[in-house]
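J.: Supplied in structure tokens, the structure appears directly below.
Residue numbers (our numbering): 47 to 468.
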């Protein structure tokens with residue numbers, strides 16, 4: 047057996063991440079610093095911020111955690127604490143600031159209050175309160191304004207059908223000229239082409255009704271029925287990518303959390319089944335960054351435990367997501383593995399070929415971008431060893447995180463996840 051060594055020194059910085067972002071599969075990610083359910087989340091400057099929620103000791107939080115998808119790292123208390131602890135609030139980014147709206151505060155009081163984080167000052171301040179107390183509501187940007195729909199005004203069955211929007215120049219909330227066809231709390235939500243899509247939610251129990259509304263410039267909404275959800279659901283998570291709205295987890299009619307995921311294709315006016323979550327959950331925070339869905343925390347299937355775990359679904363299709371071998375071709379033709387893994391210092395990558403072949407061996411990041419070409423040329427049959435030092439094609443040190451070593455031998459492609467611990 048011949049071994050060739052092509053040397054480089056590797057540092058792949060970061061922490062251990064139990065994931066491989068393969069297209070179309072949910073994978074586990076690094077857990078949040080603490081369990082949270084009923085937390086709100088936004089994406090700001092390509093990072094995910096998670097606000098408030100409840101923990102397993104039933105404490106209501108006013109802290110903020112930050113997740114950086116580029117490094118795979120969580121930062122606890124990433125921003126100053128906001129003033130009023132809350133869960134089941136709504137959060138939205140508007141004009142470079144983060145708005146945290148309503149929710150349930152300490153002692154179970156449903157809130158009207160709105161707090162705003164200004165990154166330029168690194169501080170929170172309050173703005174005018176909403177007209178109505180709301181929890182389990184949704185906040186979106188429509189007509190170039192923040193718009194709040196639905197929710198409930200207490201922890202019982204007082205569902206809100208009122209719609210209000212924030213008049214930013216005047217610092218006050220205005221009521222829309224029309225209401226929801228019927229109140230609902232904790233629905234799934236999507237906005238496409240200034241139309242708001244609402245799916246399911248609670249009306250005494252989880253419902254399957256779905257509607258779409260379009261506001262005119264005077265804030266009068268025209269509502270239309272959509273095909274109902276395949277099954278009643280509420281209190282899950284949703285994200286929108288292009289004209290597809292993903293409806294994730296939630297509570298079903300049996301009162302238990304589900305792992306089902308569907309998408310609603312706006313241009314087809316139809317649902318499609320998507321890969322199921324690894325863990326049934328409800329009341330989780332969700333976010334979409336660079337075509338990857340992140341699902342964080344929430345309640346477990348029996349609503350007994352608050353979770354800290356995170357799952358991710360890659361919606362991209364990139365070079366590292368190709369089928370590893372064409373149908374009918376044995377994968378044993380080319381193999382790749384590495385050790386130690388996780389590691390610090392350097393990693394040895396072994397490429398095994400069944401017969402002599404032209405190959406390329408490259409490193410890709412989680413976005414499917416090539417970081418470094420390690421080798422390109424002819425190799426004989428057998429096992430050949432390569433060393434990488436976490437430098438890119440320009441010899442600069444790479445950022446921390448997870449990478450893929452991808453070997454291509456003719457029509458064969460194999461990949462191997464590599465992790466660095468510093």
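Glycine is no exception: its CB is placed at the ideal position from the N, C-alpha and C atoms.
Go to residue 385, then tell me how far its beta strand (DSSP E) extends in each direction, as first and last residue.
T.: Taken as a continuous stretch (DSSP letters only), the beta strand (DSSP E) holding residue 385 covers 380 to 385.
J.: With respect to the beta strand (DSSP E) encompassing residue 102, which residues constitute its N-terminal and C-terminal limits?
T.: Premise fails: residue 102 is in no beta strand (DSSP E) and is neither H nor E.
J.: Could you check if residue 319 is buried or exposed, using at least 16 other CB atoms within 10 Å of its CB as the buried criterion?
T.: Classification of residue 319: exposed, given that the 10 Å Cβ count is below 16.
J.: Provide the residue(s) that pair with residue 429 in DSSP beta bridges, ordered along the chain.
T.: Residue 429 pairs with 398.
J.: Report yes if the C-beta distance between residue 451 and residue 395 is below 8 Å; otherwise report no.
T.: Yes, these two residues count as a Cβ contact at 8 Å.
J.: Do you know offhand how far residue 356's Cα is from residue 172's?
T.: Cα to Cα, residue 356 sits roughly 31 Å from residue 172.
J.: Would you list, in sequence order, the uninterrupted beta strand (DSSP E) runs of no fewer than 3 residues that lie entirely inside the segment 290 to 323?
T.: You should have 290 to 294, 307 to 311 and 316 to 320.
J.: Output needed for residue 81: all residues of its chain with C-beta closer than 7 Å, excluding positions within five of it in sequence on either side, in chain order.
T.: Only 101, 102, 343, 352, 353 and 354 meet the Cβ criterion.
J.: Quick one, are the C-beta atoms of residue 143 and residue 163 less than 8 Å apart?
T.: Yes, they are a contact pair.
J.: Whole alpha helix (DSSP H) runs in the segment 139 to 191 with 4 or more residues, listed along the chain?
T.: Taking only runs of at least 4 residues, no alpha helix (DSSP H) segment lies wholly in the segment 139 to 191.
J.: Under three-state DSSP, which class holds residue 463?
T.: DSSP places residue 463 in strand when its eight states are reduced to three.
J.: Measuring CA to CA, which of 159, 440 and 229 is closest to residue 202?
T.: The shortest Cα separation from residue 202 among 159, 440 and 229 belongs to 229.
J.: Note down the Cα distance separating residue 233 from residue 268, rounded to an integer number of angstroms.
T.: Going by the C-alpha atoms only, they are around 19 Å apart.
J.: According to DSSP, what are the bridge partners of residue 272?
T.: DSSP, once it has assigned bridges, lists 256 as partnering residue 272.
J.: Between the beta-carbon of residue 476 and the beta-carbon of residue 359, is there less than 8 Å?
T.: The shown model of the chain, from 47 to 468, leaves out residue 476, and the question about it has no answer.
J.: Identify which residue in 421, 328 and 95 has its Cα closest to the Cα of residue 409.
T.: Among 421, 328 and 95, the Cα nearest to that of residue 409 belongs to 421.
J.: What would DSSP say about residue 347, mapped onto helix, strand or coil?
T.: Reduced to three states, the DSSP call for residue 347 is coil.
J.: Could you name the residues of the same chain whose beta carbon sits closer than 6 Å to that of residue 114, not counting the 5 residues immediately before and after it, in chain order?
T.: For residue 114, where only same-chain residues beyond five positions count, the Cβ hits under 6 Å are 93.
J.: Just to confirm before moving on: does the CB-CB distance between residue 96 and residue 111 stay below 8 Å?
T.: Result yes, Cβ atoms of residue 96 and residue 111 sit closer than 8 Å.
J.: Under the rule that 16 or more other beta-carbon atoms within 10 Å means buried, what is residue 385, buried or exposed?
T.: Under this definition residue 385 is an exposed residue.
J.: Go through its chain and collect everything with a Cβ distance to residue 316's Cβ below 8 Å, but skip five positions before and after it.
T.: These residues qualify, in order along the chain: 273 and 310.
J.: Closest to residue 213 by C-alpha separation, out of 119, 152 and 265, would be which residue?
T.: Closest by alpha carbon: 265.
J.: Under the assumption that residue 186 contacts residue 242 (Cβ atoms under 8 Å), give the Cβ distance between them as a whole number of angstroms.
T.: Yes, residue 186 and residue 242 are in contact; Cβ-Cβ is about 6 Å, under 8 Å.
J.: According to DSSP, what are the bridge partners of residue 78?
T.: In the DSSP output, where bridge partners are listed per residue, residue 78 has none listed.
J.: Output the boundary residues of the beta strand (DSSP E) element that contains residue 133.
T.: Segment: none, residue 133 is in no beta strand (DSSP E) and carries neither H nor E.
J.: Checking 8 Å against the spacing of the C-beta atoms, do residue 419 and residue 398 come in under that value?
T.: Not in contact: residue 419 and residue 398 (Cβ atoms no closer than 8 Å).
J.: Over what stretch of residues does the beta strand (DSSP E) that includes residue 241 continue unbroken?
T.: Counting along the chain, the beta strand (DSSP E) containing residue 241 begins and ends at 241 to 245.
J.: Give a yes or no on whether the C-beta atoms belonging to residue 225 and residue 210 are separated by under 8 Å.
T.: It is not a contact, given that the beta carbons lie outside the stated cut-off.
J.: Helix, strand or coil for residue 436? Go by DSSP, reduced to three states.
T.: Note: residue 436 maps to coil in three-state DSSP.
J.: Does the distance from the CB of residue 326 to the CB of residue 280 come in under 8 Å?
T.: No, the Cβ-Cβ distance between residue 326 and residue 280 is not below 8 Å.
J.: I'd like the list of long-range same chain contacts for residue 168, defined as Cβ closer than 8 Å, with 5 residues on each side in sequence excluded.
T.: Correct list, in chain order: 125 and 126.
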